[in-house]
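Chemist: A single structure is presented below for examination.
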Amino acid sequence: MVRLAKSTITSTPVLPTVSTAVSTTVQRHSRWKTLTIGALLLAPTGAYADLAQEPGFDFILNLNVGVGEVTSQQNTSKDNARTASLQSNGKRESGLSAFVLGRLSYTLSNNKTQFFFGNSEDDVVLGDFKAELGVSQEFDDGTVFTLAYIPLLAKTQAWRDPFLVNQKRRKTDVTSQGLRMRFDNLFDLPLKLQYTWAQAKYDNERSGHNKQLDLSREQQALLVRDSHLHQAYIEYAFELSEGLVIQPGLTYTLGDAKGKAMKYDYIEMQLPLLTLINERSHLTTSVFAGQANYDARHPVFDKVRKDNSLGVFAFYSYRAPFDWQNTTFTAMATYNEVDSNINFYDEQGMAASIGLAYAF
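Here my numbering runs 19 ahead of the position in the sequence shown, where the first position is 1.
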């Protein structure tokens, strides 16, 4: 019987320009793990651990620095505000950033119930850069059930009208919230099932309203991006040898947007490998590929949109560097791209970062 150790990870985009592209990907495909970084791998692989090592409060703080590059029309940086053609996929931009991550949890005396706020505990492949408020409960058969709320803590940004040419595009806020339910080690098996619901609302949606396109109201209505997202995920773990685990997963997302040209179905296959190098070092690699199919013909480009996504992810952690107790060094590198039948929606991004996490 293979039972995987719990690992505490947090994740975030590496730099502001990449962040915008990732936010757009979340709104379209709800992948929720693109360009992520792990924080801590405190438990050894091979045996399932409790929700916490002991009851009470735990706090993890992770300080990171990173570099990244992104090419995307959805990137809302100042330099990308003006586009000369709708056949272009935006300007290539790169940058540096520093960011702080964290997680606060409280485990009851039975060591079976845990309340938490911050990035959710998960495996190193399926990351989530949104903060969550939730509770996890472990049952006698080994099943762990998690219910979490993704609160309206921060707003992302998008272009009010992405299709404006040779004029400065203006930004609008995108607010979102959601709920997640997850079962880990279901029925004492290395099986994970997860369902996520999320809502995204654009404060000032003006897609296709510019006079350059001369779209009718009916055509403009096809481009409304406000949406409800429904995502199902299943994963099963196989132990190939001592310290080597493979965790194939399948994700299905329904992006139920108000505009029919923005509504889509997305399927993604994931093949992550978790390798235990030694008691202090962990290395994880992951490959993912997906396809999104949209429901209606796009009024700007006069075709039904179809996107193919591909990416790779590598994560490394080293516990107690220089014998610093309760400290973990982390490093991450990632690359992903979206190849669309509409050039405007092509995207490419890469990032790398290093961090130092401390558990209080």
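All C-beta atoms, glycine included, are put in the ideal place defined by N, C-alpha and C.
Nearest-angstrom Cα distance between Q238 and F158?
Modeler: Residue mapping note: residue 238 aligns to position 219 of the sequence shown, counting from 1. Residue mapping note: residue 158 aligns to position 139 of the sequence shown, counting from 1. Taking the straight line from one Cα to the other gives about 52 Å.
Chemist: Do three or more CB pairs link the stretch 129 to 138 to the stretch 94 to 106 at distances below 8 Å?
Modeler: Contact between the stretch 129 to 138 and the stretch 94 to 106 is not established, with fewer than three Cβ pairs separated by less than 8 Å.
Chemist: Where does Q238 fall in DSSP's three states?
Modeler: Here residue 238 refers to the residue found at position 219 of the sequence shown. In this structure, Q238 counts as helix in the three-state DSSP scheme.
Chemist: One question on the structure: do D326 and V306 come within less than 8 Å of each other, judged by their Cβ atoms?
Modeler: For the purposes of this step, residue 326 is taken as residue 307 along the sequence shown, with counting starting at 1. For the purposes of this step, residue 306 is taken as residue 287 along the sequence shown, with counting starting at 1. Contact flag unset, no.
Chemist: Is E88 closer than 8 Å to G278 when the C-beta atoms are compared?
Modeler: Counted from its first residue, the sequence shown places residue 278 at position 259. Counted from its first residue, the sequence shown places residue 88 at position 69. Against a cut-off of 8 Å, the Cβ pair of E88 and G278 comes out as no contact.
Chemist: Taking the alpha carbon of S96 as the reference point, which residue from Q176, D160, L82 has its own alpha carbon closest?
Modeler: Locating residue 96 in the sequence shown gives position 77, where the first residue counts as 1. Of the candidates Q176, D160, L82, the one whose C-alpha sits nearest the C-alpha of S96 is Q176.
Chemist: Going by C-alpha distance, which of N138, P318, R316 is nearest F78?
Modeler: Translated into positions along the sequence shown, residue 78 becomes position 59. Nearest option by C-alpha distance: N138.
Chemist: Any chance the stretch 151 to 165 sits against the stretch 180 to 188, with 3 or more Cβ pairs inside 8 Å?
Modeler: Counting Cβ pairs under 8 Å, fewer than three are found: no touch.
Chemist: Between G8 and L302, which are expected to be in contact by the criterion C-beta below 8 Å, what is the C-beta distance as a whole number of angstroms?
Modeler: The structure shown does not extend to residue 8, since the chain is modelled only from 20 through 379, so no value can be given for it.
Chemist: Straight-line CA distance for Y364 to H247?
Modeler: Working through the sequence shown from its first residue, we reach residue 364 at position 345. Working through the sequence shown from its first residue, we reach residue 247 at position 228. For Y364 and H247, the distance between alpha carbons rounds to 21 Å.
Chemist: Quick one: residues in its chain with C-beta nearer than 6 Å to the C-beta of T347, no 5 flanking neighbours on either side, listed in chain order?
Modeler: As a first step, residue 347 is located in the sequence shown; it is residue number 328 there, counting from the start. Only residues of its own chain outside the window of five on either side were considered, and among them L59, S336, R338, A376 have a CB closer than 6 Å to the CB of T347, listed in chain order.
Chemist: Are there 16 or more other CB atoms within 10 angstroms of the CB of K322, so buried, or fewer, so exposed?
Modeler: Translated into positions along the sequence shown, residue 322 becomes position 303. Counting Cβ neighbours within 10 Å, K322 comes out exposed, since fewer than 16 surround it.
Chemist: What do you reckon, are the CB atoms on Q213 and I169 nearer than 8 Å?
Modeler: Numbered from 1 along the sequence shown, position 194 holds the residue referred to as residue 213. Numbered from 1 along the sequence shown, position 150 holds the residue referred to as residue 169. Their beta carbons are not under 8 Å apart, which means Q213 does not touch I169 by this criterion.
Chemist: Relative to the C-alpha of R179, which candidate in N345, M200, S226, I373 has its C-alpha closest?
Modeler: One-based indexing of the sequence shown puts residue 179 at position 160. If we check each option's Cα against that of R179, S226 comes out closest.
Chemist: Based on DSSP bridge pairs, tell me the residues matched to K325.
Modeler: Position 306 of the sequence shown, counting from 1, holds the residue named residue 325. Bridge partners of K325: N312.
Chemist: Under 8 Å by Cβ, that's how I've got V84 and A117 pegged, so tell me the actual separation to the nearest angstrom.
Modeler: The residue given as residue 84 occupies position 65 in the sequence shown. The residue given as residue 117 occupies position 98 in the sequence shown. At roughly 5 Å, the Cβ-Cβ gap stays under 8 Å, so V84 and A117 are in contact.
Chemist: Report all residues from its chain with a CB closer than 6 Å to the CB of R201; omit the five preceding and five following residues, and keep chain order.
Modeler: In the sequence shown, residue 201 corresponds to position 182, counting from 1. These residues qualify, in order along the chain: T165, Q213.
Chemist: Report buried or exposed for D203, applying the criterion of at least 16 other Cβ atoms within 10 angstroms of its Cβ.
Modeler: Position 184 of the sequence shown, counted from the first residue, corresponds to residue 203. D203 is buried by the Cβ-count criterion.
Chemist: To the nearest angstrom, report how far apart L205 and Y271 are at their CA atoms.
Modeler: By one-based count along the sequence shown, residue 205 stands at place 186. By one-based count along the sequence shown, residue 271 stands at place 252. Approximately 20 Å between the Cα atoms of the pair.
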